[in-house]
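Residue numbering for the sequence shown is 0 to 431, as defined by numbering that gives the first Met the number 0. Scroll down for the structure; my scribbles are underneath it.
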Amino acid sequence: MTMNHSVHASHLIAPWSPHNRRQFLKTAAVAGLSMTAGTGGLRAAASQELPPTRVITRGPKFHWFGYYDKLEFDPTGRYVLGMEVDFEHRSPRPDDEIKIGMVDLQDNDRWIELGSSTAWGWQQGCMLQWRPGSDREIVWNDRENGRYVCRVLDVFSRKQSTIDHAIYTISPDGRTAVGLDFARVNDVRPGYGYVGIPDANADKLAPSDSGIYRVDLDTGESQTIVPIAEALKTVDKQEWNPQCKHYFNHLLMNPDGTRFIMLHRWQYPDGHRRTRMLTANTDGKDLRIVDDNGLTSHFIWRDPRTILAFSEQQPHGRGFFLFQDKTGGEAEFIGKGVLKRDGHCSYLPGGEWMLNDTYPDSNRNQMPHLFHVATGKVVPLGYFRSAPEYVGEWRCDTHPRYSPDGTKIVVDTPHGGHGRQLHLIDIGGIVS
Numbered sequence: 000m001t002m003n004h005s006v007h008a009s010h011l012i013a014p015w016s017p018h019n020r021r022q023f024l025k026t027a028a029v030a031g032l033s034m035t036a037g038t039g040g041l042r043a044a045a046s047q048e049l050p051p052t053r054v055i056t057r058g059p060k061f062h063w064f065g066y067y068d069k070l071e072f073d074p075t076g077r078y079v080l081g082m083e084v085d086f087e088h089r090s091p092r093p094d095d096e097i098k099i100g101m102v103d104l105q106d107n108d109r110w111i112e113l114g115s116s117t118a119w120g121w122q123q124g125c126m127l128q129w130r131p132g133s134d135r136e137i138v139w140n141d142r143e144n145g146r147y148v149c150r151v152l153d154v155f156s157r158k159q160s161t162i163d164h165a166i167y168t169i170s171p172d173g174r175t176a177v178g179l180d181f182a183r184v185n186d187v188r189p190g191y192g193y194v195g196i197p198d199a200n201a202d203k204l205a206p207s208d209s210g211i212y213r214v215d216l217d218t219g220e221s222q223t224i225v226p227i228a229e230a231l232k233t234v235d236k237q238e239w240n241p242q243c244k245h246y247f248n249h250l251l252m253n254p255d256g257t258r259f260i261m262l263h264r265w266q267y268p269d270g271h272r273r274t275r276m277l278t279a280n281t282d283g284k285d286l287r288i289v290d291d292n293g294l295t296s297h298f299i300w301r302d303p304r305t306i307l308a309f310s311e312q313q314p315h316g317r318g319f320f321l322f323q324d325k326t327g328g329e330a331e332f333i334g335k336g337v338l339k340r341d342g343h344c345s346y347l348p349g350g351e352w353m354l355n356d357t358y359p360d361s362n363r364n365q366m367p368h369l370f371h372v373a374t375g376k377v378v379p380l381g382y383f384r385s386a387p388e389y390v391g392e393w394r395c396d397t398h399p400r401y402s403p404d405g406t407k408i409v410v411d412t413p414h415g416g417h418g419r420q421l422h423l424i425d426i427g428g429i430v431s
């Protein structure tokens with residue numbers, strides 16, 4: 000293995016000073032977190048010390064992971080995946096290559112280089128993740144011979160294979176993946192798709208030969224299961240505009256691998272877009288419209304039949320809701336007024352705690368935090384400053400990801416002035 004043997008100094012966030020408490024309360028207010036939430040609430044949280052944090056990557060190059068719903072830690076919790084790049088603050092070009100690697104948390108946070116990719120974006124990287132069910136294999140997307148592909152690598156033997164289709168989300172058994180048209184996504188919303196290959200249907204608003212496909216990761220066999228044109232058939236005619244460009248984004252398998260979420264989006268000529276959350280079997284059948292209010296944002300499966308999503312539902316307005324995986328089902332408002340702003344949500348193992356974050360406040364601070372489901376208590380995990388140049392396509396959301404045992408969190412942040420790096424937060428003292 001190629002290793003960087005430099006030792007990373009720990010960056011510890013100081014305990015709460017009076018200034019820090021004031022800063023937290025201000026950040027929480029901007030984020031829409033209630034000042035009197037649950038048992039003890041945020042005022043009690045603001046009197047506590049922040050959990051210990053250390054930076055596990057270092058410059059001069061920049062490191063990040065991307066989205067919050069991928070497996071960044073290996074099953075043992077020792078290795079943390081990441082990507083490395085030598086520039087920031089501009090869109091990727093077709094020849095911009097990132098390095099794939101992992102941090103060994105038990106060996107002075109050493110960076111171990113594993114591969115590379117030219118198919119990536121700032122928000123979701125190259126879909127780098129551990130293959131579910133494996134303690135050896137990782138997967139990521141790349142570009143080869145005019146098409147997007149998926150690499151499958153044994154990180155110890157370095158044996159590598161290639162699947163002829165890029166993937167998005169993988170079933171819990173690691174055998175099946177679903178993917179989408181990354182060239183089309185990039186054409187509509189840069190930062191979430193990949194450059195290097197033009198959208199073959201750029202002039203088509205709802206093509207029948209573009210959509211979601213299923214891939215067998217063992218054999219490489221694939222088939223289209225939900226064409227864009229098929230999803231369009233379920234749109235209310237009142238919502239239809241012949242000038243809208245339709246696409247899919249944000250796919251996620253449920254915990255038992257039987258169904259997956261997709262966001263069906265369409266963009267108007269003036270740039271604004273509408274969103275519906277749909278689900279389907281992994282063969283594309285039994286398509287259900289779970290949330291069609293047009294404003295669905297981040298989501299996670301709570302269990303195989305229930306979805307937590309940020310949305311807008313009357314009479315509650317905007318917030319997090321629990322949706323049943325069925326068309327026309329009721330949405331249960333959660334948070335009791337605590338979680339009023341959007342964030343990148345997930346459940347820690349066991350479902351007792353929800354992990355979330357905030358977008359930058361007026362001082363450019365972002366706040367990863369835990370939400371205790373039973374009591375409504377919010378526990379801050381730190382506040383991390385994102386400089387003003389981190390905006391738009393190349394912003395750096397913290398996108399918190401947790402370890403298999405739920406005692407550690409890793410976030411992406413430029414906090415500290417060394418560009419985007421991976422920061423590890425120890426939450427064992429909170430959740431245990």
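Cβ atoms here follow ideal geometry from the backbone N, Cα and C, with glycine treated the same way.
- Val430: member of the alpha helix (DSSP H) spanning 427–430, first to last residue.
- If you check the CB distance, Trp119 and Arg419 do not come in under 7 Å.
- The criterion of a C-beta distance shorter than 7 Å is satisfied by His371 and Trp352.
- Contact annotation: Glu71 and Val409 have beta-carbon atoms nearer than 7 Å.
- According to the DSSP assignment, Asp291 belongs to the beta strand (DSSP E) that extends over 287–293.
- At the C-beta level, Leu321 and Glu329 stay beyond 7 Å of one another.
- The beta carbon of Thr278 sits closer than 6 Å to those of Arg258, Ile260, Arg287, Val289, Asp324, all from its chain and outside the five residues before and after it, given in chain order.
- For Ala279, the enclosing beta strand (DSSP E) begins and ends at 272–280.
- In the DSSP assignment, Val184 falls within the unbroken alpha helix (DSSP H) covering 181–187.
- It is roughly 10 Å from the alpha-carbon of Asp108 to the alpha-carbon of Arg53.
- With contacts defined as CB atoms closer than 7 Å, Gly124 and Met82 qualify as a contacting pair.
- Within the same chain, and ignoring the five residues on either side of Ser156 in sequence, the residues whose Cβ sits closer than 8 Å to its Cβ are Arg135.
- The residues His263, in chain order, have a CB closer than 6 Å to that of Ala230 in the same chain once the five nearest residues on each side in sequence are set aside.
- Within the stretch 52–107, the complete beta strand (DSSP E) segments at least 3 residues long are 52–54, 61–63, 78–84, 97–103, listed from N- to C-terminus.
- In this structure, DSSP gives Ile111 an extended state, which the three-state scheme calls strand.
- Rounded to the nearest whole angstrom, the C-alpha separation of Glu96 and Gly428 is 39 Å.
- In the three-state reduction of the DSSP assignment, Ile227 falls in the helix class, which pools H, G and I.
- Secondary-structure assignment with DSSP links Met366 through no beta bridge to anything.
- Contact annotation, Tyr246 with Ile224: C-beta distance approximately 16 Å; criterion of less than 8 Å not satisfied.
- Look at Trp121 here: in three-state DSSP terms it is coil, with no helix or strand label.
- Three or more Cβ pairs closer than 8 Å define a contact, and the stretch 85–92 falls short of that threshold against the stretch 138–152.
- Its Cα nearest to that of Lys158, the residue Arg150 stands out among Val177, Asp202, Arg150.
- Taking the Cα positions, Asn240 is about 10 Å away from Leu204.
- The alpha-carbon separation between Gly76 and Pro91 amounts to approximately 31 Å.
- For the pair Tyr66 and His398, the CB atoms are nearer than the 7 Å cut-off.
- When the beta-carbon positions are compared, Trp129 and Asp68 stay at least 7 Å from each other.
- By alpha-carbon distance to Val79, the top candidate from Trp110, Gln122, Tyr346 is Trp110.
- Put simply, of Gly210, Ser160, Pro59, Arg275 the residue whose alpha carbon is nearest the alpha carbon of Thr218 is Ser160.
- Beta-bridge partners assigned by DSSP to Val410: His422.
- Rounded to whole angstroms, the gap between the alpha carbons of Ile211 and Asp180 is 7 Å.
- Excluding its 5 nearest sequence neighbours in each direction, Thr168 has C-beta neighbours in its own chain below 7 Å: Ala176, Val177, Leu250, Leu251, Met252, Phe259, listed in chain order.
- Excluding the 5 residues flanking it on each side, Asp255 has same chain C-beta neighbours closer than 8 Å at Pro171, Pro303, in chain order.
- Contact annotation, Ser385 with Arg363: C-beta distance approximately 5 Å; criterion of less than 8 Å satisfied.
- Residue burial annotation: Ala308 is buried, with at least 16 other C-beta atoms found within 10 angstroms of its C-beta.
- Counting along the chain, the unbroken beta strand (DSSP E) around Met252 starts and ends at 244–252.
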